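*Asks:* Each position in the sequence shown, counted from 1, maps to that position plus 2 in this note's numbering.
Even glycine gets a Cβ: it sits at the ideal position worked out from N, Cα and C.
Predicted, not measured: the structure shown is a model, and the values here were computed from it.
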Amino acid sequence: MEGMLSRRRFAASLAATLTFRLSAQSADKPNLVIFLSDDHGLLDSEIYGSKAVRTPNMRRLAAEGMVFNKAFVASPSCAPSRAALLTGLYPARNGAEPNHTRPKADLKKLPAYLKELGYETAAFGKVSHYRYTPDYGFDHWGHDTFHDPEAIPAALAFLEKRDSTKPLCLFVGSNWPHVPWPENSEPFLPENATLPVKSVDTPETRVSRARYYAAVAKMDEELGRVYDLAQKKFGRNMVFLHTSDHGAQWPFGKWNLYDTGIRTPFVAVWPGVVKEGTRSDAMIQWIDILPTLVELGGGKAPTGIDGRSFVPVLRGKTKTHRTEIFTTHSGDGNYNVYPIRSVRTGQWKYIRNLHPEFQHTTHTNRDSGRDGIVYWRSWEKAAETDEKARAIVQAFRQRPAEELYDLEKDPDELKNLAGDPKHAKTLESLRRQLDGWLQATADTQKVYGDPLPVGAEATLIRRP
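1) Say whether the stretch 407 to 422 touches the stretch 363 to 373, bearing in mind that this needs 3 or more beta-carbon pairs closer than 8 Å, one atom from each stretch.
2) If I follow the unbroken beta strand (DSSP E) through N33, where does it start and stop?
3) Would you call the stretch 29 to 44 and the stretch 266 to 281 in contact, with 3 or more CB pairs under 8 Å?
4) Do S79 and N96 have their C-beta atoms closer together than 8 Å?
5) According to DSSP, which residues form a beta bridge with H244?
6) Could you give the DSSP three-state label for G374: helix, strand or coil?
7) Name the DSSP beta bridge partners of N177, please?
8) Let me know the secondary structure DSSP gives K110 once reduced to three states.
9) Short of 6 Å in beta carbon distance, which residues of its chain neighbour F312, apart from the five on each side in sequence? Order them along the chain.
10) Out of L158, R281, L436, which one is the CA nearest neighbour of A444?
11) When the cut-off is 8 Å and only beta carbons count, does N59 lie next to chain D?
12) Please name the residue, chosen from I327, A219, E223, E297, that lies closest to N33 on a Cα-to-Cα basis.
13) Taking its Cβ as the centre, do 16 or more other Cβ atoms sit within 10 Å of F416, making it buried, or is it exposed?
14) For T330, which option in N336, R343, Y377, L462 has the closest C-alpha, if you only look at C-alpha atoms?
15) Do you know offhand how far F140's Cα is from L419's?
16) Going by C-alpha distance, which of R164, K163, A124 is nearest H145?
17) Quick check on the burial criterion: 16 or more other C-beta atoms within 10 angstroms. Buried or exposed for G279?
18) Between which two residues does the alpha helix (DSSP H) carrying F126 extend?
19) Counting pairs of Cβ atoms below 8 Å between the stretch 110 to 122 and the stretch 147 to 160, do you hit three or more?
20) Which residue marks the beginning of the beta strand (DSSP E) containing N258, and which one marks its end?
21) Figure out for me which residue from D414, D452, S431 has the closest Cα to the Cα of K200.
22) Have a look at K110, W143, R433 and flag the residue whose alpha-carbon is nearest the alpha-carbon of R346.
23) Does the distance from the CB of G75 to the CB of W288 come in under 8 Å?
24) Take every Cβ of the stretch 159 to 173, pair it with every Cβ of the stretch 218 to 238, and state whether three or more of those distances are shorter than 8 Å.
25) Hey, how far is the Cα of W395 from the Cα of K117?
26) DSSP beta-bridge partners for I342?
27) Could you give the first and the last residue of the continuous beta strand (DSSP E) run that contains E404?
28) Assign Q441 to one of two classes, buried (16 or more other C-beta atoms within 10 Å of its C-beta) or exposed (fewer than that).
29) Tell me whether W143 sits in a helix, a strand or coil according to DSSP, three-state version.
30) Can you check which of these residues, Y337, P304, V449, is closest to T461 by C-alpha distance?
31) Kindly give me the distance between the Cβ atoms of A153 and G175, rounded to whole angstroms, as I take these residues to be in contact under 8 Å.
32) Measure the CB-CB distance between F254 and F398 and report whether it falls below 8 Å.
33) My understanding is that W183 touches A216, with C-beta atoms under 8 Å, so please give their C-beta distance in whole angstroms.
34) Counting only runs that start and end within the stretch 65 to 105, where is the beta strand (DSSP E) found for 3 or more residues in a row?
35) Would you list the residues sitting across from I286 in a DSSP beta bridge?
36) Would you report the Cα separation of L91 and I307, rounded to the nearest angstrom?
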C-alpha cells in the first residue's frame, strides 16, 4: 500500500511539474493578434501621408510600434493574397491563382504550425475568403460571409469571454473598405477628396472617393476596438499586426501590379521589443507573415516555403529583408481576365503583361451591381472631349507587353521606360530575374476565364 501511495505521489508531482513547465512555456509565448483590412490602399491613411482621410487608430498603432514603408502582398486580389499569407507560398505554388479559389487541400497551413507550438487559433470575419475559413483548420472561426456585420462583434465577444492558459493566435478580418461603400460619406466631403494620380476628376469621382474614405474610417474604428480589447486581455504579452490584403478597388489599384495594387499598409506592435514610433524600409511580403508568426511562437521558420521570417527586423537586428518582390495576378472571373507578373527592387519595377492583346477590365467598368459604374461612366464621357481623360481611360484598358519604371524618380509609375535604350541593361536583368522566378515557382501562366480582346466593347456583366 505504501509503495502504491509513493507511486501516486510521484505521478502527481510529475504531473504538477509538467503542468508548471507547460504554463511557463505558454507564458513565454506572446499572444498573436492580426487585424486584416480589405481593399485598403497604403496612401489612404494618415500614417502614410494622407490629409484627406482620418485614421486615428492606425496613428495610435504607429506611435506604439513599427510602420513598414515597403510591405507588399503576393497578389492584388482577395483570395490569392490571403491564401499566400496562410500557406507562405506564392499563388502558383499553393494553387490559389485567380480570385475566389482555394489553395491545395494537402498543404500545411498556418493554424497547423501554430497548434504544434501549443497555440489556440481563431479567425473571425474575412480572413481567408468568403466561407473558406474552415478549410484552413482554425480551432474557432465564424462570420466569414460577405460584409457580415456580426464579424467584429463576434471576435470581440470571443476574446472577452475567453479563459485559457494557452497562447492565442487571433485573426480578425474587417470587410472595410471593400465595396459597397457607405452611402453617406460624412464627415468626408467630395470637394476635399484627394484623387489618385491616374484618376479623372469628375463630380461622380469625388463622391465615390468620399464614400471610400468613410469606409476606411469604419475599418479604423473596428481596428481600435480590437486593439483596445487585445491590450486589456493580454497586456504587454502580445504581438499585434495590422495590414491590408491589397490596394483599393480603384482603377490601377486592386487587380493591378502597380504599387497602388500590391503595396500595403503594415504596422507591428510588440511591447518591450519593437521600438515605439519607428519606421522600417525593409521590404517584406505577405508570404513572410507565416514564418514570422511561427518564429514569434517559439518555432523554427518552416523550410520548403517561399516566405522568410522578418523577426530580426522587428527586433532591430537588421534594417533589410528582401531585395526583390515578385508579384502575380491571374484574374477575377470574367470581369478581369488579365494575367500579369512583376518583379520590384528598391528602385525598379518590371511588369510583364502576358497577353497585351487582351483588354484590361475589372468590376469597375463591367459590374452593374457594385460601386464604380457611375464614376467610370463619367470618365468615359470626359474622355470624349478631354485629352488627359482619354489617355487615362486608354491606359486602363490597354497595356503594353512590358512596363519598366524608375520608382525613385517616378513613384506613381507614369513613365514607361521599357522602350528606352538607356535602360536596356536594366530591362534585360529584370527580365531574367522574372524568368527565373517563373521557373522556380512552376508558373504555367494559365489564362483563367474568357478574355475580352482589345477594341471590343466592355459590356456589363450582371450579377444574378
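*Replies:* Put simply:
1) no
2) Note, N33: beta strand (DSSP E), 33 to 39.
3) yes
4) no
5) F37, V269
6) Secondary structure at G374: coil, using DSSP grouped into helix, strand and coil.
7) Bridge partners of N177: none, in fact.
8) coil
9) I286, D290, T294, H323
10) Comparing Cα-Cα distances from A444 to each of L158, R281, L436, the minimum goes to L436.
11) Although the question refers to chain D, the structure presented lacks it and comprises just one protein chain.
12) The shortest CA-to-CA distance from N33 to any of I327, A219, E223, E297 is the one to E297.
13) The question names Phe, but residue 416 in the sequence shown is Leu. Result: exposed.
14) With distances taken between Cα atoms, T330 lies closest to R343.
15) Going from the Cα of F140 to the Cα of L419 covers about 46 Å.
16) A124
17) exposed
18) Here F126 belongs to no alpha helix (DSSP H); instead the beta strand (DSSP E) covers 122 to 127.
19) Contact annotation: the stretch 110 to 122 does not touch the stretch 147 to 160, with fewer than three C-beta pairs closer than 8 Å.
20) From DSSP, N258 is part of no beta strand (DSSP E); its letter is neither H nor E.
21) Out of D414, D452, S431, the CA that lies nearest to the CA of K200 is found in D414.
22) R433
23) In the sequence as displayed, the identity of residue 75 is Val instead of Gly. It is a contact, given that the beta carbons lie within the stated cut-off.
24) yes
25) Rather than Trp, the amino acid found at residue 395 in this sequence is Val. Straight-line Cα distance between these residues: approximately 49 Å.
26) H331, N355
27) 404 to 408
28) By the neighbour-count rule (16 or more Cβ atoms within 10 Å), Q441 is not buried but exposed.
29) strand
30) Y337
31) 7 Å
32) Yes, the Cβ-Cβ distance between F254 and F398 is below 8 Å.
33) 6 Å
34) 68 to 74
35) Beta-bridge pairing links I286 to A73.
36) 6 Å
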